[in-house]
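First comes the structure, then the notes that go with it.
2 protein chains.
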Amino acid sequence: MTQSNTFQFQQLFARHSADMPSWGANKRGKYDFAIAYPDPASLPLTDLLASLQTALHEEGQNLALYLPSAGYLPLREFLAAKLARDRNIQVTADDLVLTAGAGQALHMVIETLIDPGDVVLTEDFTYSGTLYQMRRFRANVRGVACDHEGLLPDALEAMIKKVKAEGRQPKLIYVVPTFQNPKGGTMSLERRKALLAFAQKYNLPILEDDCYVDLRYDGQDLPSLRALDDTGLVIYVGSFSKTIAPGMRLGYMTASRELLARALPAKSGGAVNLFAAFAVHRYAVNHLASHIEEITDIQRAKRDAMVAGLETHFAGAATWTKPEGGLSLWVTLPAGIDVAALRPKILEIYDVGYSPGNNFAPDSISGKNCLRLSFGYNTPAEIQEGMGRLAEALRCEGGLA
Amino acid sequence: MTQSNTFQFQQLFARHSADMPSWGANKRGKYDFAIAYPDPASLPLTDLLASLQTALHEEGQNLALYLPSAGYLPLREFLAAKLARDRNIQVTADDLVLTAGAGQALHMVIETLIDPGDVVLTEDFTYSGTLYQMRRFRANVRGVACDHEGLLPDALEAMIKKVKAEGRQPKLIYVVPTFQNPKGGTMSLERRKALLAFAQKYNLPILEDDCYVDLRYDGQDLPSLRALDDTGLVIYVGSFSKTIAPGMRLGYMTASRELLARALPAKSGGAVNLFAAFAVHRYAVNHLASHIEEITDIQRAKRDAMVAGLETHFAGAATWTKPEGGLSLWVTLPAGIDVAALRPKILEIYDVGYSPGNNFAPDSISGKNCLRLSFGYNTPAEIQEGMGRLAEALRCEGGLA
């Protein structure tokens, strides 16, 4: 029956339910620097399919089952070995929970720890997906000043004291220490140690988002906060989205079992997709390390193409970061240029997409003269072309010098 | 670094976070009647793999993208056509949201509508996964008396009046009208119309769980509540878990756009798994209708084997339902036999798994002399053997006559 839809839900919604647009994709530009996608041409489709075929042959009938919500055990075992080898994180499969992308892990932690009004401390600009979840649970998010080495210790302690002086207790620190999203910097070892010292002093858990760590183009790995901590206060989140594909929807987290046990009921939809976990497990065991080497070379060339494009088209008119890894860099334009307002027009006329800086601002307002540009999706030639278009757009429409 | 785990989270957990065990699998018996699994031997593994291969060839590079959280459009379009054809539900792809199994849809609706203490009305015994979500959001769940045709209209109205007399407003009615979980009955057309009339009179939305409707072995289809309603008060949930496989983690919901828009932010992990959605979409377009015919024949034989086993081993000592479809039936033993207490021992010694009736009771206590037996997983021969073992177990351990 076609509905007249006379029924009104408005008065029935729960007080805690979120009256906000859902988190999803916008219209995309041909030159799509808005989202941190991996390289589409090098997705390992053939190997994923063959890996799935092997798994279905070996244990396909287990698709008939409902798994415990921590998810497919062999993939958790693989991750325990990978984290030990790559990040010096010593955990077992029982300390790991698979999630539908890192986003689900971030959601679970935030739902588990945040009451309305609780204060969360973040870098001055931070991942928009995490901000979305924090807002959904009505956190009071405070950005802390950073330099190129990460959170400034003095600013962090001053913020903690300010929050306490308001009669509040900071509840959580969220950071992306390696190839920070959105600005691209990497927190120095000294700053990591200082951050941990403050967290221990003030009894503050840290949510460490390490989703980009496998994509390093220059420089040396630094230890994760989780590896530096011996108290159990770090909740560590990672993902296969940037190393295999977002469409596999596979992320993970490890934390103290006390925290995991409380967070698991917030996991919606049961165990992660077993069909995808089958493929990713066999693929990761056999191919992931060499695939990461391959895509690291590809993405380094894209980063270099974007930096070269910026030097060609923006020298003297803007500044930008040159990240040692990850999929995004950060451009700062002169104050007064509002890239948030310009975004729809530049997308429409110039076919160039970007993320306005204020998308990553705890106050939603700061950074309107900044852009996050992600270089993972387009080819190097397209990136150079797109940088020219973006410069032209900002000069014609935005008053860039 | 190995952690000393001195950090204590206990004082930091959000007030709304749920201190309850996560929803997951228990130890399984060889004779596993505890969970409503589909038939493992007839899972269409080869066709799913070929379907995925086609999709990866056609659009595999889109795995690099993040989709809007309603999920893969072609699969929503397929579902709109299927619901129109099979259930006379007239909706478009924009009225549908894909979810990680029906469980995620049920969670989203409950989170969106239920404040702590809100009253939800259900059948006298109802799906344990939904009860889990209702408890997580601290609903006050009231079971309404049923007979073999479903909710008793007089009992429903009396319950609504009782709740109102307490100064509360019932917030939601949750029902599984077709092949009810756990009892197996199907709500008659007259009762469906009566339920809708009460819902409209009292301005009460209905959450209709239609996950089993495709598995009909006898009798005629009845219209869904959603098809009978023209006001928009019915939220309709379905799943591919019973027709393809739970491991694909694909369910769906349709409701008024007002409700969907508010529920989408509660969806964790972004769009459903695209890798699995690729496979299910191509598979469903080409094979689902014939596969349902095939598995319906297989499951009918299993139901018949279980009913025959009950007649052989329990005649005169128990009563049971004979569902026209679905994957479970309901056995009532004499009062005083506590199958909840006996479960671990019967699983350990007799290798037989079942779900105690109180798992499905809003009060967690009623129905300890009842069992839900699911017949989807084992072969007919195993089912008959398992019925013998169960009868022996209940006679030796539980005092069954």
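Chains U and B supply the protein sequences, listed in that same order. Residue 1 is where the first sequence starts when you use my numbering, and the numbers rise one by one after that. Residue 1001 is where the second sequence starts when you use my numbering, and the numbers rise one by one after that. Backbone N, C-alpha and C fix where the C-beta goes; we use that ideal spot for every residue, glycine too.
Notebook entry, point to check: Looking at the structure shown, is M253 (chain U) part of a helix, part of a strand, or coil, going by DSSP?
Noted result: strand
Next item on the list: Would you check if there are 3 or more beta carbon pairs closer than 8 angstroms linking the region 1045-1057 of chain B to the region 1275-1284 of chain B?
Entry: yes
Margin query: Can you confirm whether S374 (chain U), when its beta carbon is compared against all beta carbons of chain B, has any partner nearer than 8 angstroms?
Written below: no
Notebook entry, point to check: DSSP on E208 (chain U), reduced to helix/strand/coil?
Noted result: strand
Check: With 16 as the cutoff for other CB atoms within 10 Å, does H1291 (chain B) come out buried or exposed?
Finding: buried
Item checked: For M253 (chain U) and L400 (chain U), the rounded distance between their alpha carbons -> 43 angstroms
Checklist line | Straight-line Cα distance separating A261 (chain U) from M1328 (chain B) | finding: It should be pointed out that residue 1328 (chain B) corresponds to Ser in this sequence rather than to Met. Near 30 angstroms, if we compare the C-alpha coordinates of A261 (chain U) and S1328 (chain B).
Check: For M1001 (chain B), does the three-state DSSP call read helix, strand or coil?
Finding: Only weak support is given to the placement of M1001 (chain B): the predicted model assigns it a pLDDT of 49, under 50, and the value that follows is read from those uncertain coordinates. Note: M1001 (chain B) maps to coil in three-state DSSP.
Next item on the list: Check the DSSP bridge columns for E123 (chain U) and list the partner residues they point to.
Entry: U:V144
Next item on the list: Excluding the 5 residues preceding and the 5 following Q10 (chain U) in the sequence, name in chain order all residues of the same chain whose CB lies nearer than 8 angstroms to its CB.
Entry: none
Checklist line | Contained beta strand (DSSP E) runs [length at least 3] in the region 36-109 of chain U, N- to C-terminal order | finding: 96-99
Notebook entry, point to check: Identify the residues that DSSP records as bridge partners of S1355 (chain B): which are they?
Noted result: B:R1372
Next item on the list: Could you spell out the range, first to last residue, of the beta strand (DSSP E) harbouring I235 (chain U)?
Entry: V234 to S239
Next item on the list: Name, please, each residue of chain U whose Cβ falls closer than 9 angstroms to the Cβ of T1126 (chain B).
Entry: Those within 9 angstroms of T1126 (chain B) in chain U number zero; the least Cβ separation is about 18 angstroms.
Checklist line | For L172 (chain U): DSSP bridge partner residues | finding: U:V120
Next item on the list: Return helix, strand or coil for T1332 (chain B), following the three-state DSSP convention.
Entry: strand
Next item on the list: Provide the residue(s) that pair with G1325 (chain B) in DSSP beta bridges, ordered along the chain.
Entry: B:R1216
Check: Under 8 angstroms between the Cβ atoms of S374 (chain U) and A36 (chain U)?
Finding: yes
Next item on the list: Throw me the rounded Cβ distance for the G1269 (chain B) and A100 (chain U) pair, which I believe falls under 8 angstroms.
Entry: 3 angstroms
Check: Taking Cβ to Cβ, would you say A1245 (chain B) is nearer than 8 angstroms to L1075 (chain B)?
Finding: no
Margin query: Measuring straight from C-alpha to C-alpha, what distance separates P170 (chain U) and L45 (chain U)?
Written below: 44 angstroms
Notebook entry, point to check: So the alpha helix (DSSP H) Y1350 (chain B) belongs to, where does it begin and stop?
Noted result: V1339 to Y1350
Note to self: Using only CA atoms, which one of U:L172, U:V272 and U:G376 lies nearest to Y354 (chain U)?
What the structure shows: U:G376
Checklist line | Residues of the region 1243-1260 of chain B with Cβ closer than 7 angstroms to any Cβ of chain U, in chain order | finding: A1245, P1246, G1247, M1248, R1249, S1256, E1258 and L1259
Note to self: If distances are taken between C-alpha atoms only, which option among U:Y72, U:F13, U:D47 and U:V141 comes closest to P116 (chain U)?
What the structure shows: U:V141
Item checked: Own chain partners of M1 (chain U) with C-beta closer than 6 angstroms, once the 5 adjacent residues on each side are dropped -> At M1 (chain U), the pLDDT of 49 sits below 50, so the modelled position is not reliable and the matter cannot be decided from this model.
Margin query: Below 8 angstroms, how does it come out for the region 1180-1195 of chain B and the region 1144-1153 of chain B: are there three or more Cβ pairs, yes or no?
Written below: yes
Checklist line | Proximity test, Cβ basis, 8 angstroms: M1001 (chain B) and chain U | finding: Reliability fails at M1001 (chain B), whose pLDDT of 49 lies under 50, so the model's placement of it is uncertain and no value is given.
Check: With a CB to CB cut of under 6 angstroms and the five nearest residues on each side skipped, what residues in its chain are close to G388 (chain U)?
Finding: H313
Next item on the list: Using the Cα positions of A34 (chain U) and V352 (chain U), report the straight-line distance between them to the nearest angstrom.
Entry: 9 angstroms
Margin query: I need the DSSP call for D297 (chain U), collapsed to helix, strand or coil.
Written below: helix
Next item on the list: Report yes if the CB atom of F125 (chain U) is closer than 8 angstroms to the CB atom of G103 (chain U), and no otherwise.
Entry: no
Next item on the list: Using 10 angstroms around the beta-carbon of P1021 (chain B), count the other beta-carbons present and answer buried if the total reaches 16, otherwise exposed.
Entry: exposed
Next item on the list: Could you check which residue in U:K162, U:P334, U:G251 and U:H107 has the C-alpha nearest to that of G316 (chain U)?
Entry: U:P334
Check: What in chain B is Cβ-close to E77 (chain U), meaning under 8 angstroms?
Finding: Near E77 (chain U) there are no residues of chain B at all, since even the closest Cβ is about 18 angstroms away, more than 8 angstroms.
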